[in-house]
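**Student:** My questions will all concern the structure given below.
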Amino acid sequence: MYRPNDLDGWDYAARLADPGEYPYTRGIYPTMYRGRLWTMRQYSGYATAKESNRRYRYLLEQGQSGLSVAFDLPTQLGYDADHPLAEGEVGRVGVSIGSAEDVALLFDGIPLDRVSTSMTINATAAILLAFYVVAAERQGVAPEQLSGTIQNDILKEYVARGTYAYPPSPSLRLVTDTFAYCASTLPRWNPISISGYHLREAGCDAAQEVAITFAHAMTYVQAALEAGLEVDAFAPRLSFFFACHNHFFEEVAKFRAARRLWARLMRERFGARDPNSWKLRFHTQTAGSTLTAQEPQNNVVRVAVQALAAVMGGTQSLHCNALDEALALPTEETARVALRTQQVIAYESGVPEAADPLAGSYLVEKLTDELEARAEALLDELDHLGGGLRAVETGYTARLIEQSAYRYQRCIETGEKTVVAVNRFRATDAETEQAAPAATLLRVDPAARERQAARLVALRRSRDHIRVDAALAALRRAAAGTENVMPVLVEGARAGATLGELAGALRDVFGEHRP
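Have a look at this one:
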């Protein structure tokens, strides 16, 4: 274990610097939460835009400070709700979006110039951003007033989530097109949130989460540079998305190590000169994979521990999972408890009064150094293989994650790792039956697909078909050439083209990815 004499003679001041100073080990702002709390951004969305809008309004009324949109699988993959492949999935794991009309309804009554919106969307991220811009126009909100994030991290889809549409190379082109568009048109918008969360959910460990995420990030940065963008023109708007698991001190150290490593990469490898390009800004979500269906009330404790670690690690925004998410989408009640978890930490714990409150702890500093070294070693290994994209294409990254996931699961099955109420301290069957009555779970109305399909039919009947056809033809030309597709997508959204039509036009040019 780690003993105090492990770090005798260690020069804390020279190594760490102060909060807000390079290399940002202790946080990217001098005062951290004393100046401004993290954004409380509860991830939610289900069924149709109208139903999700009600949930968003409810969460905002309860004190949520930023929106985070969950999309259903057909939307993520680029299929309209009435497509045969969408059957059985419409509105199930997120909201169904078919057009700019749906996005306008999703944010009805929510002023988009005063709320920050995060959208967890990847293969169709450019299309959803176009819909959002058009929905804002209808509210009278100019693009430069919009703030928020699209995840837009396609590389991790090939190794962790699977919601890809196009092959990696054209998908990267869509990412760099959004970089350029946001730099010129949406200055307050983050064009990407490079995700370690889904890598961790798929099974990698803490150091792998940092290393693989940064390998993907460097691929995006390099692609943007090759597309002619200056690093300091887009790097300050790069954002990241990490998981927070149960090992409290390791997770705090992970965030500190990640800040330090990213600052060095941007300054030394990519030559960024703007200090804002060196700062790692990230959103954190408590770990869904740690939630248990057994005794789900225990998940409240797990989420509280994880949320506290994220805050003590210096996150810029946070989502807390609800206690019932191993069983279903959250109800209003469980979503409220998840939000209250953040609020208790923010307003009752006293933790926000200190920037990097664990700085100087022998254990935390040792873990920070070790995680940074392990992540950097793996990053060098991926570089040697040809970088993040090559590691994805060869299946190397996927194998790393699979092997780590197997080791983790074996530890649970052998009892080496304790999971309360799963492999130790289990309740009786009678007690378990009382833990989560089926009647309390949220169930998505199966008729959601019919309602959404009816909206699509009505839209197709009412729009100007000549304008839509022209917009889709222009999109195919842009995709086949070198023109930035984002302005063309925005025009398609204005014309009333559906998500499936726009994604289909890109499929016509780019083809589909077949693993």
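In my numbering, the protein residues as written are 33 to 547.
Virtual Cβ for every residue (Gly too), placed ideally from N, Cα, C.
Given the structure is predicted, the values throughout are model-derived calculations rather than measurements.
1) State the start and end residues of the unbroken beta strand (DSSP E) segment that holds serine 271.
2) With distances taken from CA atoms, which of Leu421, Lys188, Leu399 is nearest arginine 279?
3) Locate the beta strand (DSSP E) running through glycine 536, then write down its first and last residues.
4) Tell me, which residues are paired with proline 74 by DSSP?
5) Using DSSP with H/G/I as helix, E/B as strand and the rest coil, what is leucine 187?
6) Thinking C-beta only, is glycine 345 closer than 9 Å to glutamate 283?
7) Cα separation between tyrosine 56 and alanine 49?
8) Could you tell me the distance, in whole angstroms, from the CA atom of threonine 195 to the CA atom of tyrosine 229?
9) Determine the closest residue to alanine 358 out of Pro328, Val343, Leu261, with distance taken between C-alpha atoms.
10) Once you ignore the five residues that flank alanine 239 on each side, which residues in its own chain have a CB closer than 6 Å to its CB?
11) Can you check whether the C-beta of proline 268 is within less than 9 Å of a C-beta belonging to chain C?
12) Quick one: is the Cβ of leucine 507 within less than 8 Å of any heavy atom of the ligand SAH?
13) Under three-state DSSP, which class holds threonine 316?
14) Given a cut-off of 9 Å, decide if alanine 290 and phenylalanine 302 are closer than it, judged by their beta-carbon atoms.
15) Looking at the structure shown, is serine 150 part of a helix, part of a strand, or coil, going by DSSP?
16) What separation, rounded to the nearest whole angstrom, lies between the Cα atoms of glycine 419 and arginine 539?
17) Check the DSSP bridge columns for tryptophan 221 and list the partner residues they point to.
18) Contact defined as beta carbons within less than 8 Å: I believe proline 199 pairs with glycine 543. What is the distance between those atoms, to the nearest angstrom?
19) Is glutamine 484 near glycine 130, with beta carbons less than 9 Å apart?
20) Whole angstroms are fine: how far does the CA of lysine 82 sit from the CA of tyrosine 428?
21) Rounded to whole angstroms, what is the Cα-Cα separation between alanine 174 and alanine 511?
22) Closer than 7 Å by C-beta to proline 268: which residues in its own chain qualify, once you throw out the five before and the five after it? Chain order, please.
23) Within the continuous alpha helix (DSSP H) that includes serine 436, where are the two ends?
24) Report, in whole angstroms, the separation of the C-beta atoms of arginine 66 and alanine 391, which I expect to be a contact under 8 Å.
25) For the alpha helix (DSSP H) that serine 494 lies in, which residues bound it at each end?
26) Please go through the region 81-134 and give each complete alpha helix (DSSP H) segment of 4 or more residues, from N-terminal end onward.
27) Just to confirm, is the Cβ distance from valine 242 to lysine 188 under 9 Å?
28) Measure the alpha-carbon distance for glycine 528 versus valine 135 and round it to whole angstroms.
29) Just verifying my parser: in three-state terms, what is the DSSP assignment at alanine 197?
30) Who are the Cβ neighbours of alanine 360 in its own chain at under 8 Å, not counting the five residues just before and after it?
31) Counting only the same chain and skipping the five closest in sequence on each side, list residues whose C-beta sits under 7 Å from that of threonine 366.
32) Where does serine 381 fall in DSSP's three states?
33) Measuring CA to CA, which of Pro547, Gln254, Arg372, Ala503 is closest to leucine 534?
34) Between which residues of its own chain and aspartate 237 is the CB-CB distance below 7 Å, once the five residues before and five after are set aside?
35) What ranges does the alpha helix (DSSP H) occupy inside the region 337-393, keeping only unbroken runs of at least 4 residues that lie completely in it?
36) Quick check: what's the CA-CA separation for valine 10 versus arginine 508?
**Tutor:** Result, derived from the coordinates:
1) 270-276
2) Checking the sequence shown, residue 279 turns out to be histidine, not arginine. Checked all of Leu421, Lys188, Leu399; the closest Cα to histidine 279 is Leu399.
3) No beta strand (DSSP E) holds glycine 536; the alpha helix (DSSP H) holding it covers 531-542.
4) The amino acid occupying residue 74 in the given sequence is glutamine; proline does not appear at that position. Answer is Leu99, bridged to glutamine 74.
5) helix
6) yes
7) 7 Å
8) 15 Å
9) Pro328
10) Leu403, Arg406, Ala407
11) Reference to chain C is not applicable here, since this structure consists of a single protein chain.
12) Judged by which ligands are present, the structure shown has none, so any question about the ligand SAH falls away.
13) strand
14) no
15) strand
16) 26 Å
17) Gly180
18) 6 Å
19) yes
20) 42 Å
21) 26 Å
22) Asp306, Asn308, Ser309
23) 428-446
24) Contact flag wrong, Cβ pair sits at about 15 Å.
25) 480-494
26) 81-93, 105-109
27) no
28) 12 Å
29) coil
30) Leu473, Leu474, Arg475
31) Ala354, Leu355, Asp356
32) coil
33) Ala503
34) Ser436
35) 364-379
36) Since the first residue shown for the chain is 33 and the last is 547, residue 10 is missing from the structure and cannot be characterised.
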